[in-house]
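Residue numbers (our numbering), protein chains in the order written: chain A, 66 to 298; chain B, 3 to 287; chain C, 8 to 312.
What follows is the structure, encoded as structure tokens:
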């Protein structure tokens, strides 16, 4: 079966710094690709390129037959790519519920009861069911990260781009999110998970890609790469 | 050929006063990332105070230091009490400075009435080698040049370095012990003072009325955008160029159209290069 | 959806509608007609700048632009009954065009560029004028005449304009409020909050930009068309910077983007200041000081609005 996402020869420079040199990888349905590496080596940039917020200098991103480098971000989202941000970006003046339901109903003109139910369900799954009517700006940082995940899931993505979703979570929250992501993965959603934490990567990722300061990368199973203590993750 | 020379001269001279206004606006933007829409109202203040002094019996040149000091203090007060609390929100600052401009315009109208005023010229027009030469305009331009030289000179001193440091990196400047808020307040006051001086220098040349600050404001916005937001040297050059353009359009077409041209320059400039034609955002003096 | 607010609005409008039957006082009717018109105008900014977050510094363009379009259509000899609708359509298209043209600009830049466009229009109408062989001036300071649907001398002129403007206000208020509380309104608010995140959940920012600009301009234009009908002329003051400023200030002070708040504030201010015969100069002094104080209160150091 063809992989869902094929990234090839991705190249990007910022302000004269060559961040990515021909990065390439693929992700299949139900697979979790871990993305690790020192700070500033382009992990978030890779996610930004895939979801359309940044244009690469060269390279292609083929998702389900479409070249994403040619499409605007909202079209890419419509094709089934969802994303969370490293620093949570809630829409502060909207309620928690509104943050999610606007994503659920992004393609429609009228809100259906089914949309409301889905939003409610998603919030319950990330443990925010009680804070539905709160303005999003009131949430704690852990809760904000869970809101990011709920919002990303709201568009029924087939590819989920997660930028350090486990940062600032308590042990309990971490366990719950892990279980949620595993169940989503079992349902066939492909994931790219940026994380610094070896334990998380070992438990969730099928394969790991590690970026380097030179703009290159190494790929392998979590077992192979993470056992190498010399590898900066 | 004579006419073109005269136009060019006139345009260049006008350009120096535009530069004076524009440099102030650019400085403020460079230091505080703030577009001061009341800048034109200070120009008008300069003209009105000059009118007041002339009515009282003094000369317009006598009015110059009065005008500068008054606007310096007013500008500093404005920055300290009105702008500083809201400075982080750029759009709000723009609206607030617009409010200040409108407030000032209404005050002018209340104090001096809505009609047009004028003051007599103090230096005559002379004939020199067949062309008409406006002595007062030359003196005005010389004063403007002198002030600009003093300003650029100051920017090279220790004080000037502090100012430039704040423009480049306010946080860094604070870390090395520079009193950033104080620098910003003073620079803002000086910019307002310069605008008012420009109003004083040109007060003899046109009518004085409450909304007279609109045109200089738009001109200086055009200069700032054309020259690159925050780039003081470019503002100077752009001021001269636009002075020539405005003079040309004003003569060959009509004065209203020169204003329209300036506005279009702003609109086009913002659309194509928000960082200006010469500079890049982040490059400052 | 705040049902009490909607009910209150409906009740107030219904009671206002009775006014022309209760009195023939021209002063009062004039006051209320202008209050209706200016409130519609402010609602246009509240939708575009308040709800959608596109701070326009040139909202007067929608008001005066529509009035001048009506004037131009009058000059061109269009039948009087078609002029309001055509002028409205025309200004809405202009608004959509500007929304498209300025789609990459935000914040201060958008404010400046819209301000510049409105000022260009203002200067143009002041500069462009000519005198007919009979000695009439068309354009310039005097503005353009606008063909009325009902002659000013007609007995029911004031009543007719009052009801038309009141109906227009009620309709605008209810439609805009309904949009605000609906899914499209939520999307507009989401885009205003964080355009990047909104895109990643599938919202198209350019399309919404064009639509909100068209709508905000159309609402301002509705006020402009009514004003032109009422005054019989499209004057340069309809494109003034002061007018743009008032729209911003009243909307923000009344609760940016809430629709009902700015409407109530605008109506109250217009009625009160008109009743007290407050001159334009004092009004502007008031508005500008309120703007300065409100900015300090809403955005002052340490507080996030």
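For each residue, glycine too, the CB sits at the ideal point set by N, CA and C.
Residue nearest to residue 171 of chain C within the set C/252, C/23 and C/290 is C/23 (criterion: CA-CA distance). Short of 7 Å from the beta carbon of residue 167 of chain C, and not among the five residues preceding or following it, lie these beta carbons of its own chain, in chain order: 157. For residue 97 of chain B, the closest Cβ of chain C is nearer than 8 Å. Using beta-carbon distances, residue 210 of chain C counts as an interface residue toward chain A, with a partner under 8 Å. Proximity of the stretch 7-16 of chain B to the stretch 162-171 of chain B falls short of the contact definition, fewer than three beta-carbon pairs being nearer than 8 Å. Among the residues facing chain A, residue 201 of chain C is included, as its CB has a counterpart in that chain under 8 Å away.
Look at residue 183 of chain A here: in three-state DSSP terms it is helix. In summary, residue 281 of chain A is exposed, with fewer than 16 beta-carbon neighbours lying within 10 Å of its beta-carbon over all protein chains present. At least one CB of chain C lies nearer than 8 Å to the CB of residue 87 of chain B. Using a Cβ-Cβ cut-off of 7 Å, residue 121 of chain C is close to nothing in chain A; its nearest Cβ partner there is about 23 Å away. Going by C-alpha positions, residue 55 of chain C is about 14 Å away from residue 101 of chain C.
Near chain C, meaning a CB-to-CB distance below 7 Å, the residues of the stretch 107-131 of chain B are 108, 111 and 112. Residues of chain C with a Cβ closer than 9 Å to the Cβ of residue 172 of chain A are, in chain order, 209. Assignment of beta-bridge partners to residue 73 of chain A by DSSP yields A/125. Note on geometry: alpha-carbon atoms of residue 21 of chain B and residue 71 of chain A lie some 56 Å from one another.
Taking the Cα of residue 46 of chain B as reference, the smallest distance to any Cα among B/29, B/9, B/114 and B/61 is reached at B/114.
Against chain B, the CB of residue 265 of chain C has no partner CB under 8 Å away; the residue lies outside that interface. With the criterion set as a beta carbon lying under 8 Å from some beta carbon of chain C, the members of the stretch 19-37 of chain B are 37, in sequence order. Boundaries of the beta strand (DSSP E) harbouring residue 101 of chain A: 97-101, taken from the DSSP string. Rounded to the nearest whole angstrom, the CA to CA distance from residue 72 of chain C to residue 231 of chain C is 8 Å. For residue 83 of chain A, the secondary structure class from DSSP, reduced to helix, strand or coil, is strand. Bridge pairing for residue 91 of chain B: absent [DSSP]. Contact annotation: residue 200 of chain A and residue 157 of chain A have beta-carbon atoms nearer than 8 Å. Not a single CB atom of chain A sits nearer than 8 Å to the CB of residue 182 of chain C.
Under the three-state reduction of DSSP output, residue 256 of chain A falls in the strand class. By the rule that beta-carbons nearer than 8 Å mark a contact, residue 138 of chain C does not touch chain B.
For the stretch 173-195 of chain A, residues whose beta-carbon sits nearer than 8 Å to a beta-carbon of chain C comprise 173, 174, 175 and 176. Spatial neighbours of residue 227 of chain C in its own chain (CB-CB distance under 6 Å, excluding positions within 5 residues in sequence) are listed in chain order as 48, 51, 66, 69 and 70.
CA-CA distance, residue 267 of chain C to residue 199 of chain C, rounds to 19 Å. Per the C-alpha coordinates, the member of C/242, C/285 and C/111 positioned closest to residue 274 of chain B is C/111. The three-state secondary structure of residue 255 of chain B, taken from DSSP, is coil. Cβ contact annotation for residue 209 of chain B (same chain, cutoff 8 Å, sequence separation greater than five): 118, 119 and 120, in chain order.
Every alpha helix (DSSP H) stretch that sits fully inside the stretch 31-76 of chain B and reaches 4 residues is listed by chain position as 41-58. For the options B/116, B/159, B/72 and B/58, the alpha carbon positioned closest to that of residue 214 of chain B is the one of B/116.
In this structure, residue 204 of chain A places its C-beta atom within 8 Å of the C-beta atom of residue 196 of chain A. Nearest to residue 249 of chain A by C-alpha distance, out of A/259, A/266, A/225 and A/207, is A/225.
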